[in-house]
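S.K.: Attaching a single structure in C-alpha cells format; questions to follow.
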Amino acid sequence: MKSSYGYLSGYKKPKGITAQTNCLRELFPGIGYADEKLVEQSFPAKAEGWFAIPRWEKFASTYGEAVQRVLDAVKKTRKGKFQNFREGQLGAEYLRQHVKTARVFQMIGDQQKNHDILVVPCQFGILHRGKSVRRACEVMSSSEFGLGAFAVGIMLLTHPERLQHYDDLWVDCAGDEYSSVAGGSFGFAPGFHFYVGKVKFAARWSDSAYAHDGSASAFWQ
C-alpha cells in the first residue's frame with residue numbers, strides 16, 4: 011500500500027549510544043552497560059543507526075512481564091498520556107516473540123557477552139511503511155528481523171520524539187505474535203499508535219496493511 015507517512019515530529023536518527031544507555035539507567039535503575047565501542051563499526055545501509063536495547067531477561071522472568079514494565083515506563087514518561095488496549099493480556103497465552111526474532115537476539119546476546127544492554131542497528135518503521143506485518147516479514151532479508159513490543163517500547167523511551175503526533179508513522183511490532191483469544195491463533199501483531207493526544211498500545215491483524223503503519227526491524231551482522 012502506498013504511504014507518505016514518515017517521521018513528522020522531529021526524529022531523524024538515533025541519539026548517541028551513551029545518551030541512550032544513560033536514559034535507560036535513569037528509567038530502570040540497576041541495568042548495566044553496553045559495549046559502546048560497537049558503534050565504531052559501520053551499520054547496514056537500511057538501518058538508521060545504533061540503538062540500545064536491553065536484554066528483556068534483565069527486566070522480568072517472562073517476556074510479557076518485561077513488556078509490561080516497559081509499557082508502565084512509557085505511561086509514566088508520557089505523564090499518563092498512554093492507553094494499553096491489551097491491559098492484563100500480555101501472558102504467554104497472548105503474546106510471544108517471533109521465532110526468528112528470539113533466535114537472532116540470542117545470537118546477538120552471545121556476541122555481546124557480559125553486557126546488559128545490547129547495541130543493535132535498527133530502523134523505526136519507515137522501511138516497511140504501508141506493508142502488513144506479514145508482508146514486511148516476508149520481504150525482510152535473512153539478516154533482518156522484526157522488533158517486538160519490548161524493543162520498540164525501549165526505543166520510544168529513548169526517543170520520545172518519534173511518536174508525538176497523529177500524522178507520525180505508527181510502529182508495528184513485527185517481532186512479536188499476538189493471540190486476541192488466549193490460546194488461539196497468533197494472527198495478530200502489537201503496535202504503538204498515536205491519536206487523541208495519547209500513545210496507544212494495541213494489536214491488529216498481521217495480514218492487514220495500513221498506510222499509517224510501518225514495521226520496525228533490526229539487522230544482524
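For what it's worth, our numbering labels the leading residue of the sequence shown as 11, then goes sequentially.
Virtual Cβ for every residue (Gly too), placed ideally from N, Cα, C.
Quick caveat, the model's predicted, so the values are computed rather than measured.
1) State the start and end residues of the unbroken alpha helix (DSSP H) segment that holds Glu67.
2) Report all residues from its chain with a CB closer than 6 Å to the CB of Ser19; omit the five preceding and five following residues, and keep chain order.
3) Pull up the distance between the alpha-carbon of Gln107 and that of Phe92, whole angstroms please.
4) Return helix, strand or coil for Lys208, following the three-state DSSP convention.
5) List the residues that DSSP assigns as beta-bridge partners of Leu128.
6) For Val238, list the residues DSSP reports as bridge partners.
7) Measure the CB-CB distance between Phe237 and Val109 and report whether it falls below 9 Å.
8) Closer than 8 Å by C-beta to His125: which residues in its own chain qualify, once you throw out the five before and the five after it? Chain order, please.
9) What residue ranges within the stretch 92-169 form continuous beta strand (DSSP E) runs of no fewer than 3 residues, ordered along the chain?
10) Exposed or buried, Glu58, counting other C-beta atoms within 10 Å across all chains shown (16 or more means buried)?
11) Which of the three DSSP states is assigned to Gly20 in this structure?
12) The beta strand (DSSP E) with Glu46 in it runs from where to where?
13) Can you confirm whether the stretch 49-64 touches the stretch 191-211 when touching is taken to mean that 3 or more C-beta pairs between the two stretches lie within less than 8 Å?
14) Which residue marks the beginning of the beta strand (DSSP E) containing Glu187, and which one marks its end?
15) I believe Ser227 touches Phe115 by the beta-carbon criterion, under 8 Å. Please report the beta-carbon distance rounded to the nearest angstrom.
16) Expressed to the nearest angstrom, what Euclidean distance is found between the alpha-carbon atoms of Asp82 and Ala70?
17) Quick check on DSSP: helix, strand or coil for Ala55?
18) Checking 9 Å against the spacing of the C-beta atoms, do Val181 and Asp223 come in under that value?
19) Among the candidates Gly74, Thr111, Cys147, Ala112, whose CA atom is the shortest distance from the CA of Arg96?
M.R.: On the basis of the supplied data:
1) Neither: Glu67 is in no alpha helix (DSSP H) and is coded neither H nor E.
2) Take Ser19, set aside five residues on each side of it, and the residues of its chain with a beta-carbon closer than 6 Å to its own are Glu171, Gln174, His175, Asp178, in chain order.
3) C-alpha separation (whole angstroms): 23 Å.
4) Under the three-state reduction of DSSP output, Lys208 falls in the strand class.
5) According to DSSP, which records beta bridges pairwise, Leu128 is partnered with Ile63.
6) The structure shown has nothing for residue 238, since the chain only spans 11 to 231.
7) One cannot answer for residue 237 here, as it falls past the ends of the chain, which runs 11 to 231.
8) The residues are Gly42, Tyr43, Ala44, Asp45.
9) 92-94, 105-107, 127-133, 154-156, all fully within the stretch 92-169.
10) With 16 or more other Cβ atoms within 10 Å, it is buried.
11) If DSSP states are grouped into helix, strand and coil, Gly20 belongs with coil.
12) Where Glu46 is concerned, there is no enclosing beta strand (DSSP E), given that its DSSP letter is neither H nor E.
13) Cβ pair count under 8 Å is below three, so no.
14) For Glu187, the uninterrupted beta strand (DSSP E) segment begins and ends at 186-188.
15) The pair is not a contact, with the Cβ atoms about 12 Å apart (cut-off 8 Å).
16) Distance from the CA of Asp82 to the CA of Ala70, rounded to the nearest whole angstrom, comes to 13 Å.
17) Note: Ala55 maps to coil in three-state DSSP.
18) The answer is yes: Cβ separation under 9 Å.
19) Relative to Arg96, the option among Gly74, Thr111, Cys147, Ala112 whose CA is nearest is Gly74.
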